[in-house]
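**Q**
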Amino acid sequence: MAKDFSTREENYSKWYNDIVQRAGLAENSAVRGCMVIKPYGYAIWEKMQAALDKKFKDTGHSNAYFPIFIPKSFFSKEAAHVEGFAKECAVVTHYRLKNDPDGKGIVVDEDAKLEEELIIRPTSETIIWDTYRNWVQSYRDLPILLNQWANVVRWEMRTRMFLRTTEFLWQEGHTAHATELEAIEETERMLDVYADFAENFMAIPVLKGTKSVNERFAGAVETYCIEALMQDGKALQAGTSHFLGQNFAKAFDVKFASPEGKLEYVWATSWGVSTRLVGALIMAHSDDHGLVVPPKLAPYQVVIVPIYKNVEQQNMVVEKAREIKDRLEKKGISVKLDDRDTYKPGWKFNEYEFKGVPVRIAIGPRDVENDTVEVARRDTLEKEIFQVADIENKVEHLLEAIQSNLYQKALAFREQSTYKADTWEEFVDILDNKGGFILAHWDGTAETEQKIKEETKATIRLIPLNVQHEEGKCIYSGNPSSFRVVFARAY
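Heads up: the sequence shown is residues 3 to 493, going by the working numbering.
Shown next, in the form of structure tokens:
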């Protein structure tokens with residue numbers, strides 16, 4: 003364990019921040035609330051991007067890019083949308099700087115005020131739907147299935163790297179459809195894409211459902227979401243998919259001529275995930291030895307560390323290590339060979355363990371003679387001697403086993419941390435002493451939900467899809483309820 007590295011039990015928040023910084027994922031920047039994503043952290047994001055981008059294209063979507071600046075007037079066109087984002091918007095008011103007449107550096111040129119202020123993109127529905135108005139005339143122009151990879155800005159009072167920052171990276175899909183059914187199917191399809199990515203790439207089990215009215219995306223008719231459970235018992239929203247109805251089409255006058263020649267408003271969806279997924283990955287799998295990265299998202303899946311005492315041994319060992327590296331790479335496995343002689347093997351072992359590299363291979367002179375290597379897996383810290391003769395297949399199967407083990411471990415934790423509460427006392431006791439997901443009855447009113455949030459800081463994370471009918475009483479109000487929803491404290 004790294005010196006002064008917090009454990010999860012001692013200080014979960016510090017443990018998280020220690021991993022982010024010491025594993026070389028990110029650091030705080032000179033701009034308050036913003037972070038610098040370092041190469042190793044960005045490499046994990048690139049792996050996520052590549053996997054998601056393929057899924058988007060496999061479901062018929064294309065990438066595009068829209069401006070980061072949005073005219074302020076656009077936000078006033080959809081009332082719920084502007085209300086939801088008004089307090090988070092960064093606003094550009096001037097377009098020029100000048101030298102201070104008093105010689106005190108640079109100041110804003112007061113004569114360079116914009117005719118209309120520009121909002122730095124908190125989300126792109128408004129600018130995109132203003133654009134779609136020019137693209138859509140007929141049913142033949144539909145559907146439009148677009149995604150953009152971009153950055154957004156939302157002012158945040160309390161920030162935490164990857165989980166909540168003023169600027170963050172994300173993707174946002176924006177689609178336009180001729181019918182309500184098509185749009186709903188798209189919304190649900192993309193939710194399934196996110197769930198599949200979370201479970202099969204991130205190795206994180208997720209619950210799927212819809213948000214309550216209080217938690218719904220500003221301007222949406224329905225918000226679908228996936229929720230994951232972190233090791234401290236808090237929930238994390240890992241992705242959202244929104245059915246926007248015709249709200250934005252009406253706000254921006256986007257109509258199409260149907261096959262019958264009738265003018266109709268377009269139906270819309272939007273959906274997105276962000277760099278907070280890197281935070282989710284850290285909190286779902288990492289341990290008191292540092293970061294743990296699932297093989298499918300690891301910047302390199304295997305690191306090879308040669309061990310030698312002199313130049314003669316070095317040449318022999320490194321040559322064998324390169325041969326192993328080539329063989330693994332031909333199998334599609336990403337490999338880093340660390341043959342630097344400026345660091346000792348023990349230092350390298352600790353470094354790559356902390357960075358969460360799934361598999362570490364150590365090879366020394368005796369290994370070369372015996373045609374073996376020592377293999378350590380990051381998830382369990384177990385070591386084993388492998389014969390080099392079949393190293394490619396053995397490592398391939400080991401990576402698959404690690405990916406599966408991480409998922410099963412996270413799933414077992416979620417199942418152990420999911421409770422039912424039938425009374426207010428039970429509910430509060432679970433929140434304060436256990437954490438996790440709580441299945442409880444709710445009377446369906448926004449007022450009750452808000453009071454529960456105010457008193458406990460717990461929110462309705464989702465209403466499960468295909469929710470089971472079950473008569474009961476709301477844990478807070480005692481009023482009738484016909485199904486349970488999922489509550490938790492959350493990030």
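All C-beta atoms, glycine included, are put in the ideal place defined by N, C-alpha and C.
Since this is a predicted model, take the numbers as computed values, not measurements.
1. Beta-carbon separation of Ala-185 and Trp-269 under 8 Å?
2. Does the distance from the CB of Arg-135 to the CB of Asp-255 come in under 8 Å?
3. Closest to Ile-505 by C-alpha separation, out of Glu-12, Thr-225 and Leu-99, would be which residue?
4. Straight-line CA distance for Tyr-141 to Ser-64?
5. From Leu-433 to Gln-418, what distance separates their C-alpha atoms?
6. Quick check on the DSSP output: what are the complete alpha helix (DSSP H) runs of length 4 or more inside the stretch 344-432, in order along the chain?
7. DSSP three-state call for Trp-137: helix, strand or coil?
8. Taking C-beta to C-beta, are Ile-556 and Ile-70 nearer than 8 Å?
9. Answer yes or no: do Ala-53 and Gln-239 have a C-beta to C-beta separation smaller than 8 Å?
10. Whole angstroms is fine: what's the gap from Thr-450's alpha carbon to Glu-456's?
11. Ile-228 and Leu-246 look like a contact to me (Cβ under 8 Å); what is the Cβ gap, rounded to whole Å?
12. With burial defined as no fewer than 16 other Cβ atoms inside 10 Å of the residue's Cβ, what is the status of Gln-405: buried or exposed?
13. Can you tell me which residues form a DSSP beta bridge with Arg-142?
14. Any contact of the stretch 296-307 with the stretch 330-338, i.e. 3+ C-beta pairs under 8 Å?
15. Under the DSSP definition of a beta bridge, which residues are partnered with Pro-482?
16. State the CB to CB distance for the pair His-176 and Glu-127, rounded to an integer number of angstroms; the pair is presumed to be in contact (CB under 8 Å).
17. Label Leu-27 either buried or exposed according to how many other C-beta atoms from any shown protein chain fall within 10 Å of its C-beta, with 16 as the threshold for buried.
18. Quickly, what does DSSP pair Glu-29 with across the bridge? List them, please.
19. Helix, strand or coil for His-176 per DSSP?
**A** From the atom records:
1. By 1-based counting over the sequence shown, the position of residue 185 is 183. By 1-based counting over the sequence shown, the position of residue 269 is 267. Yes, these two residues count as a Cβ contact at 8 Å.
2. For the purposes of this step, residue 135 is identified with residue 133 of the sequence shown, where counting begins at 1. For the purposes of this step, residue 255 is identified with residue 253 of the sequence shown, where counting begins at 1. In contact: Arg-135 and Asp-255 (Cβ atoms closer than 8 Å).
3. Residue 505 lies beyond the stretch modelled for the chain, which goes from 3 to 493, so this question has no answer here.
4. In the sequence shown, residue 141 corresponds to position 139, counting from 1. In the sequence shown, residue 64 corresponds to position 62, counting from 1. Approximately 19 Å, taken between the alpha carbons.
5. On the sequence shown, residue 433 is found 431 positions in, with the first residue counted as 1. On the sequence shown, residue 418 is found 416 positions in, with the first residue counted as 1. Going by the C-alpha atoms only, they are around 14 Å apart.
6. If only complete runs of 4 or more residues are kept, the stretch 344-432 shows the alpha helix (DSSP H) at 347-356, 367-372 and 393-418, in order along the chain.
7. By 1-based counting over the sequence shown, the position of residue 137 is 135. For Trp-137, the three-state secondary structure derived from DSSP is helix.
8. This structure leaves residue 556 out entirely; the chain is present only between 3 and 493.
9. Looking up residue 53 in the sequence shown gives position 51. Looking up residue 239 in the sequence shown gives position 237. Contact: no.
10. Position 448 of the sequence shown holds residue 450. Position 454 of the sequence shown holds residue 456. Each residue's Cα considered, the two are about 10 Å apart.
11. Along the sequence shown, read from residue 1 onward, the residue named residue 228 stands at position 226. Along the sequence shown, read from residue 1 onward, the residue named residue 246 stands at position 244. By a beta-carbon distance limit of 8 Å, Ile-228 does not contact Leu-246. Their separation comes to about 19 Å.
12. Residue numbering aside, residue 405 sits at position 403 when the sequence shown is read from its first letter. So Gln-405 counts as buried.
13. As a position in the sequence shown, residue 142 is number 140, starting the count at 1. Its beta-bridge partners do not exist; DSSP assigns none.
14. By the Cβ criterion, the stretch 296-307 is in contact with the stretch 330-338, since at least three pairs of Cβ atoms, one from each stretch, lie closer than 8 Å.
15. Here the question's residue 482 lines up with position 480 in the sequence shown. Bridge partners of Pro-482: Lys-475.
16. Numbered from 1 along the sequence shown, position 174 holds the residue referred to as residue 176. Numbered from 1 along the sequence shown, position 125 holds the residue referred to as residue 127. That pair is a contact at about 7 Å.
17. In the sequence shown, counting from the first residue as 1, residue 27 sits at position 25. By the 10 Å Cβ count, Leu-27 comes out buried.
18. Residue 29 sits at position 27 when you count from the first residue of the sequence shown. Answer is Val-38, bridged to Glu-29.
19. Your numbering for residue 176 matches position 174 in the sequence shown. In this structure, His-176 counts as strand in the three-state DSSP scheme.
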